[in-house]
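For the protein sequence lines, the chains are A and B, in the order given. Each number in my numbering corresponds to the 1-based position in the first sequence with 90 added. Each number in my numbering corresponds to the 1-based position in the second sequence with 1 added. We put the CB at the ideal spot given by N, CA and C, even for glycine. Computed from a predicted model, the values in this text were never measured in an experiment. Some notes on the structure that comes next.
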Amino acid sequence: MEILSPEKIIGSFKAALGGDFIDSKIYQKEVAVKKNIFTSIWIHVKREAFRKAVEHICELQNCPHLSIISSSDRGNDVELIYHFTIYYGHHLQELSLGLRVNVPKNDLKIPTITDIIPGALFTERETQEMMGMEVVGIPDNRRLFLPDDFPEGIYPWRKDETGPEDLLRVLPGRQQKWQ
Amino acid sequence: MAVSKGTEKYTIPVGPIHPALKEPIRLDLGIDGEEIVDVDVIVGQVHRGIEWLGMNRNNAIQNIYLAERVCGICNICHPFAYVMAVEQAAGITPPERAEYIRVITAEMERIHSHLLWAGIAAHEIGFDTVFYLVWRVREEIMDLIEYVTGNRVTKAMFQIGGVRRDITEEQFPRIRKSLDYYKSIFNQLKTVFLDDRTIRMRTKNVGILETEDALKLLVVGPTARASGVPKDVRQDQAYSAYADLDIKAITPDVLTGAVIGDVYDRIIVRLLEVKQSIEIIERCLAEMPPGSILAEPKIAKLLNALKKTEGEGVGRAEAPRGEVIHYVRLEAGRETLAIWKIRAPTYTNLMAIPIILKGGQIADVPIAFASIDPCMSCTNRVVVVDQKRNKKSLLTNKDLHELSIEKTRKLKC
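Here you go:
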């Protein structure tokens, strides 16, 4: 397996995804006394090319590590970031790779990646119940953290009318609605 | 091995609160005779909404102390990952000296956590003499943590852009004394855990996780390394003073020459990591650069700068149990965090529990489950469901206690 530089990784994504590649960002920072470089990459792709992008990461690294999916309500759409890491096992060569994909709220669907990375199941289940995202083709559709008697159609991570506002105890000093 | 009872398959839910599991979690075990054929993991019993508090109630600095309270054991690595994420978002570089102090405290935490686990593991197989021994030995590092940070549990050492307390030259002899103590008893601990017949019998070839499964299920930390995956954030990614120290991930083959991926291998990895942590602290003490410990000592100024920050960052740290990751987004004009996502190592390690338990026996559940080192909490309650007759019987704390007293009485007669 060849270890590519961050610029080459982004170049390979551009080549693989073509017009579905939206944007990228490289963050680098010198660390401690020896000034070794900490690197993280952020890649933004269109939803149509999301599976292709994950498959491309698998080409860069056999069995890439997916840490977590973070999701945020951005108003008209939901932003998902798949936090991957690649090149583990090589001294100071590992990269954090955040794969960003925006999903519009009127069609909250994202394909599953559990067939490529079986360990993604928990985080996909969590994204489903907490954000109301439909993970198409998920092998286990149950809730993960929320109890069974939690009302349907309310998603704790949302900041719109489907958010958990009515379920909250209003603590002193807390603003009533999400900002 | 197991005697099959034909078509009868029972489901035994273990937990959410159960003496063998040190964390409120439910395992539904499908049983055929004595053999476990099916496992379902049900989590969520201690979901406290910490991320929500960080996004609605607390400001970025208050969240450091909230992050500490994610876990009673890993209360260095959570703030560690959190402050790294915020520093990345806000473009703050902590001073070099602070990086070394961070690493020293993180490694102290690893020593105490691994010793705690070793005691629990011995207790799970009913070897309480070793449990007492290890926890007595652990007191030394707890005292040292208190000496260095001022507290045994929640240490409040971290600040965005540095640490809150310095480790001075005068403190070095006291720190070295504790490290020397652990070096002097290390071989004794190694003999107890690796050569003892009882421990070998109960842990060898139990709860095996193959390398390929560990990779596919995204397992992290000592659980992954014991399965032969050389994955360690301290080795792989340049973060904090670890980048200077040439850390090497420990896999069991350095001692035994082979990777099996069983409970015994997980003991080897954790034991050797205690030694590795001692060496790391010694190197940090020797190489610690002089200088300040905070990038911005004025907290109000720092908070003000964070309020104006627009950006995102991801912080990863190697906790005693594996990789911790915090993702943070700050928005200008917003006092709280815009997004905060935390992932602790047990989250992904739980994915491996079905594979670790399947094919084993009910009696191996405690040690096999404990071998991934999940977190702590303890009350007694066992639910036993007879699926065929759909009868549910519930053993409460009181019932178990009465059964226990009854047994003691019988033994006395």
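(request) Check each residue of the segment 178-191 of chain A: if its Cβ is closer than 9 angstroms to any Cβ of chain B, include it; give the result in chain order. (result) Cβ contacts with chain B: 178, 179, 180, 181, 182, 183, 184, 185, 186 and 188.
(message) On the CB-based measure, 16 or more other CB atoms within 10 Å of its CB, does residue 100/B come out buried or exposed?
(response) Here residue 100/B refers to the residue found at position 99 when the second sequence is read from its first residue. Classification of residue 100/B: buried, given that the 10 Å Cβ count is 16 or more.
(message) Could you check whether the Cβ of residue 170/A sits closer than 8 angstroms to any Cβ belonging to chain B?
(response) Mapped onto the first sequence, residue 170/A falls at position 80. No, residue 170/A lies away from the interface with chain B (no Cβ there is under 8 angstroms from its Cβ).
(request) Find the residues of chain B that neighbour residue 160/A, judging by a C-beta separation of less than 7 angstroms, and give them in chain order. (result) Counting from 1 along the first sequence, the entry for residue 160/A is found at position 70. Identification of chain B residues near residue 160/A by a Cβ-Cβ cut-off of 7 angstroms yields 328, 340 and 342, ordered along the chain.
(request) Taking the CB atoms as reference points, tell me whether residue 238/B and residue 111/B lie closer together than 8 angstroms. (result) Counting from one through the second sequence, the residue named residue 238/B turns up at place 237. Counting from one through the second sequence, the residue named residue 111/B turns up at place 110. Cβ atoms of residue 238/B and residue 111/B: not closer than 8 angstroms.
(request) Excluding the 5 residues preceding and the 5 following residue 266/B in the sequence, name in chain order all residues of the same chain whose CB lies nearer than 7 angstroms to its CB. (result) For the purposes of this step, residue 266/B is taken as residue 265 along the second sequence, with counting starting at 1. Excluding residues within five positions, the ones whose Cβ falls inside 7 angstroms are 227, 253 and 260.
(message) Rounded to the nearest angstrom, what separates residue 208/A and residue 287/B at their Cα positions?
(response) Position 118 of the first sequence holds residue 208/A. Position 286 of the second sequence holds residue 287/B. C-alpha separation (whole angstroms): 44 angstroms.
(message) Please tell me whether residue 122/A and residue 293/B are closer than 8 angstroms, where the distance is taken between their beta carbons.
(response) Counting from 1 along the first sequence, the entry for residue 122/A is found at position 32. Counting from 1 along the second sequence, the entry for residue 293/B is found at position 292. Their beta carbons are not under 8 angstroms apart, which means residue 122/A does not touch residue 293/B by this criterion.
(request) Please list, in chain order, all residues of the same chain as residue 159/B whose beta carbon is under 6 angstroms from its beta carbon, the five residues on each side excluded. (result) The count along the second sequence starts at 1 and reaches residue 159/B at position 158. Only 65, 80 and 84 meet the Cβ criterion.
(request) Answer with buried or exposed for residue 174/A, where buried requires no fewer than 16 other C-beta atoms within 10 angstroms of its C-beta. (result) For the purposes of this step, residue 174/A is taken as the residue at position 84 of the first sequence. So residue 174/A counts as buried.
(request) Take the Cβ of residue 145/A as the centre, count every other Cβ of all protein chains shown within 10 Å, and call the residue buried at 16 or more, exposed below. (result) Stepping through the first sequence from its first residue, residue 145/A is reached at position 55. Exposed, because fewer than 16 other Cβ atoms sit within 10 Å of the Cβ of residue 145/A.
(message) Check for me: the alpha helix (DSSP H) holding residue 124/B runs from which residue to which?
(response) Taking the second sequence and counting its residues from 1, the one referred to as residue 124/B is at position 123. Counting along the chain, the alpha helix (DSSP H) containing residue 124/B begins and ends at 97-125.
(message) Let me confirm a value: residue 157/A is counted as buried when at least 16 other C-beta atoms fall within 10 Å, else exposed. Which label applies?
(response) Numbered from 1 along the first sequence, position 67 holds the residue referred to as residue 157/A. Its Cβ being crowded by 16 or more others within 10 Å, residue 157/A is buried.
(request) Starting from the Cα of residue 217/B, find the closest Cα among 295/B, 208/B and 230/B and give me that residue. (result) In the second sequence, counting from the first residue as 1, residue 217/B sits at position 216. Ranking 295/B, 208/B and 230/B by CA distance to the CA of residue 217/B puts 230/B first.
(request) Find the residues of chain B that neighbour residue 195/A, judging by a C-beta separation of less than 8 angstroms, and give them in chain order. (result) Here residue 195/A refers to the residue found at position 105 when the first sequence is read from its first residue. Within chain B, not a single residue places a beta-carbon under 8 angstroms from that of residue 195/A; the smallest gap is close to 17 angstroms.
(request) For residue 5/B, count neighbouring Cβ atoms within 10 angstroms of its own Cβ and tell me buried if that reaches 16, exposed if not. (result) Locating residue 5/B in the second sequence gives position 4, counting from the first residue. Because residue 5/B carries a pLDDT of 49, less than 50, the predicted location of this residue cannot be relied on, and no value is offered for it.
(message) With three or more beta-carbon pairs closer than 8 angstroms as the criterion, would you say the segment 321-331 of chain B touches the segment 302-313 of chain B?
(response) By the C-beta criterion, the segment 321-331 of chain B is judged to be in contact with the segment 302-313 of chain B, since at least 3 inter-stretch pairs fall below 8 angstroms.
(message) My output table needs one value for residue 112/A: the three-state DSSP class, helix, strand or coil.
(response) To locate residue 112/A, count along the first sequence from 1; it is residue 22. In the three-state scheme derived from DSSP, where H, G and I count as helix and E and B as strand, residue 112/A is classed as strand.
(request) Could you tell me the distance, in whole angstroms, from the CA atom of residue 53/B to the CA atom of residue 123/B? (result) Numbered from 1 along the second sequence, position 52 holds the residue referred to as residue 53/B. Numbered from 1 along the second sequence, position 122 holds the residue referred to as residue 123/B. C-alpha separation (whole angstroms): 37 angstroms.
(request) Check the Cβ-Cβ distances between residue 240/B and every residue of chain A, and say whether any is below 8 angstroms. (result) Looking up residue 240/B in the second sequence gives position 239. Proximity of residue 240/B to chain A, defined by a Cβ-Cβ separation below 8 angstroms, is satisfied.
(request) Would you give the residue range spanned by the beta strand (DSSP E) that residue 320/B belongs to? (result) Translated into the one-based positions of the second sequence, residue 320/B becomes position 319. Per DSSP, the continuous beta strand (DSSP E) segment holding residue 320/B begins and ends at 312-320.
(message) Output needed in chain order: residues of the segment 351-378 of chain B with a Cβ under 9 angstroms from some Cβ in chain A.
(response) Residues of the segment 351-378 of chain B whose Cβ lies closer than 9 angstroms to any Cβ of chain A, in chain order: 351, 352 and 353.
(message) Across the segment 209-229 of chain A and the segment 174-183 of chain A, are there enough close Cβ pairs to call them in contact, namely three or more that are closer than 8 angstroms?
(response) Because the criterion of three Cβ pairs below 8 angstroms is not met, the segment 209-229 of chain A and the segment 174-183 of chain A do not touch.
(request) Please report the residue range of the beta strand (DSSP E) in which residue 171/A lies. (result) In the first sequence, counting from the first residue as 1, residue 171/A sits at position 81. Start and end: 167-176.
(request) Report all residues from its chain with a CB closer than 8 angstroms to the CB of residue 173/B; omit the five preceding and five following residues, and keep chain order. (result) Position 172 of the second sequence, counted from the start, is the residue given in the question as residue 173/B. Hits under 8 angstroms: 286.
(message) Contact criterion: CB-CB distance below 8 angstroms. Does residue 18/B meet it with respect to chain A?
(response) If you number the second sequence from 1, residue 18/B lands on position 17. By this cut-off, residue 18/B is not an interface position.
(message) Among the candidates 372/B, 211/B and 363/B, whose CA atom is the shortest distance from the CA of residue 419/B?
(response) Chain B is shown only over 2 to 414; residue 419/B falls outside these bounds and no answer can be derived.
(request) For residue 197/A, count neighbouring Cβ atoms within 10 angstroms of its own Cβ and tell me buried if that reaches 16, exposed if not. (result) Translated into the one-based positions of the first sequence, residue 197/A becomes position 107. So residue 197/A counts as exposed.
(message) With three or more C-beta pairs closer than 8 angstroms as the rule, is the segment 106-114 of chain A touching the segment 132-141 of chain A?
(response) Segments in contact, yes.
(message) Counting only beta-carbon separations shorter than 8 angstroms, does residue 95/A have a partner in chain B?
(response) As a working note, residue 95/A is residue 5 in the first sequence. It does not: the Cβ of residue 95/A has no partner Cβ on chain B nearer than 8 angstroms.
(request) Could you tell me which residues DSSP puts in a beta bridge with residue 225/A? (result) Residue mapping note: residue 225/A aligns to position 135 of the first sequence, counting from 1. Paired residues: 200/A.
(request) Go ahead and label residue 100/A buried or exposed: buried means 16 or more other beta carbons lie within 10 angstroms of its beta carbon, across all protein chains shown. (result) Taking the first sequence and counting its residues from 1, the one referred to as residue 100/A is at position 10. With 16 or more Cβ atoms within 10 Å of its Cβ, residue 100/A is classed as buried.
(message) Can you find the residues in the same chain that come closer than 6 angstroms, C-beta to C-beta, to residue 93/A, ignoring five residues on each side of it along the sequence?
(response) The residue given as residue 93/A occupies position 3 in the first sequence. Excluding residues within five positions, the ones whose Cβ falls inside 6 angstroms are 177 and 183.
(message) Determine, for residue 255/A, whether the minimum Cβ-Cβ distance to residues of chain B falls below 8 angstroms.
(response) The sequence position of residue 255/A within the first sequence is 165, counting from 1. It does not; no Cβ of chain B falls within 8 angstroms.
(request) Could you round the C-beta distance between residue 191/A and residue 235/A to whole angstroms and report it? I think they count as a contact, below 8 angstroms. (result) Start at 1 with the first residue of the first sequence, and residue 191/A comes out as number 101. Start at 1 with the first residue of the first sequence, and residue 235/A comes out as number 145. Contact flag wrong, Cβ pair sits at about 23 angstroms.
(request) Taking only the alpha-carbon atoms, compute the straight-line gap between residue 269/B and residue 256/B and give it to the nearest angstrom. (result) In the second sequence, the residue the question calls residue 269/B occupies position 268. In the second sequence, the residue the question calls residue 256/B occupies position 255. Those two C-alpha atoms are separated by around 8 angstroms.
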